[in-house]
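Visitor: Take a look at this one; I'll ask things after.
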Amino acid sequence: VVTLSTDVLVIGGGATGAGVAWDAALRGLDVVLVDRADLAEGTSGRFHGLLHSGGRYAVKDPRAAEECIGENRILRRVAADAIEDTGGLFVTTPWDDPDYADRFARGCADTGVDCEEIPVAQALRDEPRLSRDISRAFRVPDASIDVWKTVWALAHGAQQRGARILPYHEVTQVHRSNGGGAVTGARARDVRTREDVEIHADVTVNAAGAWAGQVADLAGIEGVRVLPGRGIMIAMGHRLVNTVINRCQLPSDGDILVPIRTVSVIGTTDEHTDDPDDQMVRGDEVDRMLNDGEKLVPGFRQARALRVWTGVRPLFEDAKASETETRDVTRAHALLDHRRRDGVSGFVTITGGKLTTFRLMAAETVDAVCRQLGTTRACRTDTEPLPGSESGQTYRLGERLARKEAHLRDEQLVCECELVARSTLEEAIARTGSTNLDDIRRRLRLGMGPCQGGFCIYRAAGIMHGLDGISVEQADGSLIAFLQERWKGIWPVLYGDQLRQARLDDWIFQGILDVEHLPS
Amino acid sequence: VKSELHFDVVVIGAGTAGLVAATRLAQSGARVCVIAKGIGSTHLAPATIDVLGYAPELVDEVVPALERLIESRPDHPYALVGPDTVAEATSWFARTVSDGPLPGYVYVGELKRNLRLPSALGALRPSALVPETMAAGDAARLSRVGIVGSPALRDFHPGLCAANLTAAGIDARPVNLELALDRADANALGIARLFDDPGWRARFCAELSPALRAEEHVGLPAMLGLRDPHGVLADLESRLGRGVFEIPTLPPSVPGMRMYEILRHTLRAAGGRLVLGPAVTAHRRDGDRVTAVSTRAAGHEVNYAAPWFVLAAGGFASGAIELDSHWLTHERVLGLRLRGLPGAGEPRFVSDAFAEQPMARVGVAVKDDLRAEGVENVVVAGAALPGAAPWREHSGEGIALASGYRAAQVIAGGLAARAKATV
Numbered sequence: 002v003v004t005l006s007t008d009v010l011v012i013g014g015g016a017t018g019a020g021v022a023w024d025a026a027l028r029g030l031d032v033v034l035v036d037r038a039d040l041a042e043g044t045s046g047r048f049h050g051l052l053h054s055g056g057r058y059a060v061k062d063p064r065a066a067e068e069c070i071g072e073n074r075i076l077r078r079v080a081a082d083a084i085e086d087t088g089g090l091f092v093t094t095p096w097d098d099p100d101y102a103d104r105f106a107r108g109c110a111d112t113g114v115d116c117e118e119i120p121v122a123q124a125l126r127d128e129p130r131l132s133r134d135i136s137r138a139f140r141v142p143d144a145s146i147d148v149w150k151t152v153w154a155l156a157h158g159a160q161q162r163g164a165r166i167l168p169y170h171e172v173t174q175v176h177r178s179n180g181g182g183a184v185t186g187a188r189a190r191d192v193r194t195r196e197d198v199e200i201h202a203d204v205t206v207n208a209a210g211a212w213a214g215q216v217a218d219l220a221g222i223e224g225v226r227v228l229p230g231r232g233i234m235i236a237m238g239h240r241l242v243n244t245v246i247n248r249c250q251l252p253s254d255g256d257i258l259v260p261i262r263t264v265s266v267i268g269t270t271d272e273h274t275d276d277p278d279d280q281m282v283r284g285d286e287v288d289r290m291l292n293d294g295e296k297l298v299p300g301f302r303q304a305r306a307l308r309v310w311t312g313v314r315p316l317f318e319d320a321k322a323s324e325t326e327t328r329d330v331t332r333a334h335a336l337l338d339h340r341r342r343d344g345v346s347g348f349v350t351i352t353g354g355k356l357t358t359f360r361l362m363a364a365e366t367v368d369a370v371c372r373q374l375g376t377t378r379a380c381r382t383d384t385e386p387l388p389g390s391e392s393g394q395t396y397r398l399g400e401r402l403a404r405k406e407a408h409l410r411d412e413q414l415v416c417e418c419e420l421v422a423r424s425t426l427e428e429a430i431a432r433t434g435s436t437n438l439d440d441i442r443r444r445l446r447l448g449m450g451p452c453q454g455g456f457c458i459y460r461a462a463g464i465m466h467g468l469d470g471i472s473v474e475q476a477d478g479s480l481i482a483f484l485q486e487r488w489k490g491i492w493p494v495l496y497g498d499q500l501r502q503a504r505l506d507d508w509i510f511q512g513i514l515d516v517e518h519l520p521s
Numbered sequence: 034v035k036s037e038l039h040f041d042v043v044v045i046g047a048g049t050a051g052l053v054a055a056t057r058l059a060q061s062g063a064r065v066c067v068i069a070k071g072i073g074s075t076h077l078a079p080a081t082i083d084v085l086g087y088a089p090e091l092v093d094e095v096v097p098a099l100e101r102l103i104e105s106r107p108d109h110p111y112a113l114v115g116p117d118t119v120a121e122a123t124s125w126f127a128r129t130v131s132d133g134p135l136p137g138y139v140y141v142g143e144l145k146r147n148l149r150l151p152s153a154l155g156a157l158r159p160s161a162l163v164p165e166t167m168a169a170g171d172a173a174r175l176s177r178v179g180i181v182g183s184p185a186l187r188d189f190h191p192g193l194c195a196a197n198l199t200a201a202g203i204d205a206r207p208v209n210l211e212l213a214l215d216r217a218d219a220n221a222l223g224i225a226r227l228f229d230d231p232g233w234r235a236r237f238c239a240e241l242s243p244a245l246r247a248e249e250h251v252g253l254p255a256m257l258g259l260r261d262p263h264g265v266l267a268d269l270e271s272r273l274g275r276g277v278f279e280i281p282t283l284p285p286s287v288p289g290m291r292m293y294e295i296l297r298h299t300l301r302a303a304g305g306r307l308v309l310g311p312a313v314t315a316h317r318r319d320g321d322r323v324t325a326v327s328t329r330a331a332g333h334e335v336n337y338a339a340p341w342f343v344l345a346a347g348g349f350a351s352g353a354i355e356l357d358s359h360w361l362t363h364e365r366v367l368g369l370r371l372r373g374l375p376g377a378g379e380p381r382f383v384s385d386a387f388a389e390q391p392m393a394r395v396g397v398a399v400k401d402d403l404r405a406e407g408v409e410n411v412v413v414a415g416a417a418l419p420g421a422a423p424w425r426e427h428s429g430e431g432i433a434l435a436s437g438y439r440a441a442q443v444i445a446g447g448l449a450a451r452a453k454a455t456v
């Protein structure tokens, strides 16, 4: 058993947990972060990529709108490299309540969300694929954000300041001191090596999101109830639009279309589930989503659907709240200081919320941590740029292609769809020490384009096998696991040209490579 | 602008099935035209004639396995064409290659026993008939081998291939060459063009020779020339003093291009026409007969009228059969009826990537003589046929070849009957 001691243990490596690690490290605290899987493999990595302007909440939840626009402005500075400044439009379609538009404009004005109504003709010039039937259009500062880039940068920045980041470490016990009055750390198991790590911490932060109730249970804290809300998203194989498109109506299903990197993502649904690991996709949900896409962009159904996935929002309900307090299930974030709430010191839970406000959530959490530690240290994440964002230059589509074109003769491309070079792949495998091609995918976008790994995954497995210490069983196993994992997101939306692509991939892997009959 | 052309047979699709059907018909004296929106599967496939590789266990002796398959699956394309046609078609194909435009180039193997050839991943793929350039890779005779590649060749990874072969009990190891290509990316097609040059071959062998062990065969990605693979193989074997073989890898497929060239040449030599580019956009019907198909290109509409048509446009992979986003399935060229669809409410796909998918065996509904149901004069061949899961069975090229061959027989019979009636 390895033993570690730290000021702060963070359980959960999504945007919130990584944000807490970065924030605490910037304040000079010693940090250990554990996650049961890879970073951003849960809810964070399974969202649509929308950095909210706040417009979506301007009518329904003014406080959320104010938080969003504030964070939007900050993140454009400190996480510039992960953000594409697409801008956003709210458009009134024939299916939307025409009276909502004026309420929307008023709501934006009241909450400070920059919003300008533009002529429909101009909106259609800017976004020619948009339905000709829209009647009003408002421009807002929505953007798209690459959550993986964000989380790696947070983790990397924290590590540079001494934090220890331990992915694939599942918490098996949360320790209470003898008297029971304090949480003193946790035991985690490396799920790859089965080795245990004992972590002593002055404060433990439960940032497990939709899984926060499970972690609170481990700590013996009652009534932290997180109701997982399941939502599906579909990635289409093109930039159908270059601006984030929102339906101008009260937030509902299938009313956001987000252009991010080389694809566009439509989302989402909201359905209660009992299990945060529920990744089911139902056929009728897919069908509804495609219909919704058709309302925004006619011909949507003829475009290629690359894959579908499910994200699980953490919706918090405090079963221990007194009768006088609101018992609404809330989408706002919830910070529970268990010293105040339960008389257990050294333990803080942060859950609920949305990706756009992760930094704010982290700041409030680390404030609470500092209170428990009896120290006052100012938060700096609103001014300190993340690694890679120092220039303040936001990401531009085409940036990577321009970089690659400059070195086409001397750099081999492994994944043409996502422009991943061999040297980048080799470096990522060496840096992460991972033989899991799916982990590599989240870092490099390897295999995320239209061919969904058809051409690059054989190459990647071959290159991986050529590196020191990687056995043929590991390389073959990683290839097969990747194909299985990809298929999960492919088959529920497999039609049209993407089915042609899948058949070509069948020919490659079964017909040409005979991957099912490997001797190893 | 409109024009109308008349033929005895119009073949839609220029993959193996379409080219074989057209060539056979042209050789029997029919006026044949092949129209296709593009080249077919040949440039993607390894160009080995895989008749039946897995059923679902590994197939060693092909003929008895074929007979068992036919018995258990009466709707399988092989059940419709019969084992004799498979045998005739494969021997016709072998003769066609020998008589073809690539000097000395032959296919080897027979239906009696599958050969087992290394894949680029190092699995041992079962194939009945293979280019001579691959034959020395047969696992039955392969004991010691150097798998040769280069970091510049991203579509071939000798280390992984050799490691899997080692796991299969073959003494295999990777040999990496520099290949002085002056660029970081190279594919098999570009290098195949270099292999057609004797000077390149001499330099290649000079780099490879010192790296080889005694009595070691040499396996290379499939790139031993486009114009004269027989000469290239002979030259390499004599320079290196050992057996040399090709290993098929990711598309584009060099041996597939050779195969296409052989079939195209033979079709032209027999007087057949080949029009590549325009897709069929419409067709005319007269009762239960198709009378013409039309293409449209550059503002020009061309009608191809004929008493017989072969539909060899492929299945889902080519787009000739489409599943749309409303989960409706269409045959897009002639609007023919389909067979093998999952019933209403049944799943189209299942979550295990390696399980047989419910949509796998969808194809155009045909009668026993491969004529499409409901249409008297359209014969269906190749991947458009229902009842097979070719990439799992390793049967795609065998089905294409045998059904193309059989389609030609059916139509030749029809044309002869009509000629007789006219007399």
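First to last, the protein sequences are chains P and B. Residue numbers for the first sequence follow the numbering used here, beginning at 2 and rising by one. Residue numbers for the second sequence follow the numbering used here, beginning at 34 and rising by one. Even glycine gets a Cβ: it sits at the ideal position worked out from N, Cα and C.
I'd like to know if P:GLY181 contacts chain B, where contact means its C-beta is closer than 8 Å to some C-beta of that chain.
Guide: Answer no: the Cβ-Cβ gap between P:GLY181 and chain B never drops below 8 Å.
Visitor: For the region 488-500 of chain P, list every residue whose C-beta sits within 9 Å of some C-beta in chain B, in sequence order.
Guide: TRP488, LYS489, ILE491, TRP492, PRO493, VAL494, LEU495, TYR496, GLY497, ASP498, LEU500
Visitor: Below 8 Å between beta carbons: does that hold for B:TRP424 and B:VAL42?
Guide: For B:TRP424 and B:VAL42, no; Cβs fall outside 8 Å.
Visitor: For the 8 Å Cβ check, are there 3 or more pairs between the region 132-147 of chain B and the region 156-174 of chain B?
Guide: yes
Visitor: Starting from B:SER152, find everything on chain P with Cβ-Cβ shorter than 8 Å and list it in chain order.
Guide: ILE513, LEU514, ASP515
Visitor: Report all residues from its chain with a CB closer than 7 Å to the CB of P:HIS466; omit the five preceding and five following residues, and keep chain order.
Guide: VAL473, ALA476
Visitor: What are the residues that DSSP puts in a beta bridge with P:ILE235?
Guide: P:ILE267, P:VAL309
Visitor: On the CB-based measure, 16 or more other CB atoms within 10 Å of its CB, does B:ARG174 come out buried or exposed?
Guide: By the 16-neighbour rule on beta-carbons within 10 angstroms, B:ARG174 is exposed.
Visitor: Pull out every residue of the region 416-433 of chain B whose Cβ sits closer than 8 Å to any Cβ of chain P, in chain order.
Guide: Within the region 416-433 of chain B, the residues whose Cβ lies closer than 8 Å to some Cβ of chain P are PRO423, TRP424, ARG425, HIS427, GLY429, listed in chain order.
Visitor: What does DSSP give as the partner residue(s) for P:HIS157 in the beta ladder?
Guide: Answer is none; P:HIS157 lacks a bridge partner.
Visitor: To the nearest whole angstrom, what separates the beta carbons of B:LEU135 and B:LEU300, a pair I think is in contact under 8 Å?
Guide: Actually they are not in contact, since the Cβ atoms of B:LEU135 and B:LEU300 sit about 15 Å apart, beyond 8 Å.
Visitor: For B:GLY73, which option in B:ALA441, B:ALA417, B:ALA454, B:GLY446 has the closest C-alpha, if you only look at C-alpha atoms?
Guide: B:ALA417
Visitor: Whole angstroms are fine: how far does the CA of B:ARG236 sit from the CA of B:LEU257?
Guide: 14 Å
Visitor: Quick check on the DSSP output: the beta strand (DSSP E) that includes B:TRP341 runs from which residue to which?
Guide: The continuous beta strand (DSSP E) containing B:TRP341 extends over residues 341-344.
Visitor: Measure from the alpha carbon of B:LEU148 to the alpha carbon of each residue in B:LEU227, B:GLY373, B:LEU266, B:THR81, then state which is nearest.
Guide: B:THR81
Visitor: What separation, rounded to the nearest whole angstrom, lies between the Cα atoms of P:GLN215 and P:VAL370?
Guide: 21 Å
Visitor: Would you check if the region 256-270 of chain P and the region 49-63 of chain P touch, i.e. whether three or more CB-CB distances between them fall below 8 Å?
Guide: Counting Cβ pairs under 8 Å, three or more are found: they touch.
Visitor: Between the alpha carbons of P:GLY455 and P:ILE12, how many angstroms are there, rounded?
Guide: 36 Å
Visitor: Can you confirm whether P:SER521, when its beta carbon is compared against all beta carbons of chain B, has any partner nearer than 8 Å?
Guide: yes
Visitor: Of the residues that make up the region 350-378 of chain B, which ones have a beta carbon closer than 9 Å to any beta carbon in chain P?
Guide: ALA350, SER351, GLY352, GLU355, LEU356, ASP357, SER358, HIS359, TRP360
Visitor: For a test of the three-state rule: what should DSSP assign to B:GLY305, helix, strand or coil?
Guide: It is coil, neither helix nor strand.
Visitor: By Cβ distance below 8 Å, which residues in the same chain neighbour B:LEU77 in space, the five residues on each side in sequence not counted?
Guide: Only PRO284, PRO285, SER286, GLY289 meet the Cβ criterion.
Visitor: Find out if the Cβ-Cβ distance for the pair P:ILE1, P:GLU295 is shorter than 8 Å.
Guide: For residue 1 of chain P there is no data in the structure shown, the boundaries of chain P being 2 and 521.
Visitor: Starting from the C-beta of P:GLU385, find all residues in its chain whose C-beta is less than 7 Å away, skip the five residues before and the five after it, and write them out in chain order.
Guide: LEU27, VAL79
Visitor: Check whether chain B comes within 8 Å of P:ILE509, counting only Cβ atoms and requiring the distance to be less than that.
Guide: yes
Visitor: Along chain P, in chain order, which residues have C-beta atoms closer than 7 Å to that of B:PHE387?
Guide: GLU517
Visitor: What three-state label does DSSP hand B:PRO116 in the structure shown?
Guide: helix
Visitor: Ordered along the chain, which non-local residues of its own chain (more than five positions away) have a Cβ less than 7 Å from that of B:PRO31?
Guide: The structure shown does not extend to residue 31 of chain B, since chain B is modelled only from 34 through 456, so no value can be given for it.
Visitor: Would you call B:THR455 buried or exposed, if buried means 16 or more other Cβ atoms sit within 10 Å of its Cβ?
Guide: exposed
Visitor: Could you spell out the range, first to last residue, of the alpha helix (DSSP H) harbouring B:GLU430?
Guide: 429-455
Visitor: Using a beta-carbon distance below 8 Å, is B:LEU212 in contact with chain P?
Guide: no
Visitor: Could you say which of P:ALA66, P:ARG314, P:ARG302, P:ARG504 lies nearest to B:ALA386 if we only look at CA atoms?
Guide: P:ARG504
Visitor: Which residues in the same chain as P:GLY393 place their Cβ atom closer than 8 Å to its Cβ, once the five residues preceding and following it in sequence are excluded?
Guide: ARG78, ALA81, PRO386.
Visitor: On a CA-only basis, which of P:THR436, P:ASP39, P:CYS416, P:ASP469 is nearest P:GLY448? Give me that one, please.
Guide: P:CYS416
Visitor: By a C-beta neighbour count over all protein chains shown, 10 Å radius and 16 as the cutoff for buried, is B:ASP321 buried or exposed?
Guide: exposed
Visitor: Please classify P:GLY43 as buried or exposed, where buried requires at least 16 other C-beta atoms within 10 Å of its C-beta.
Guide: buried
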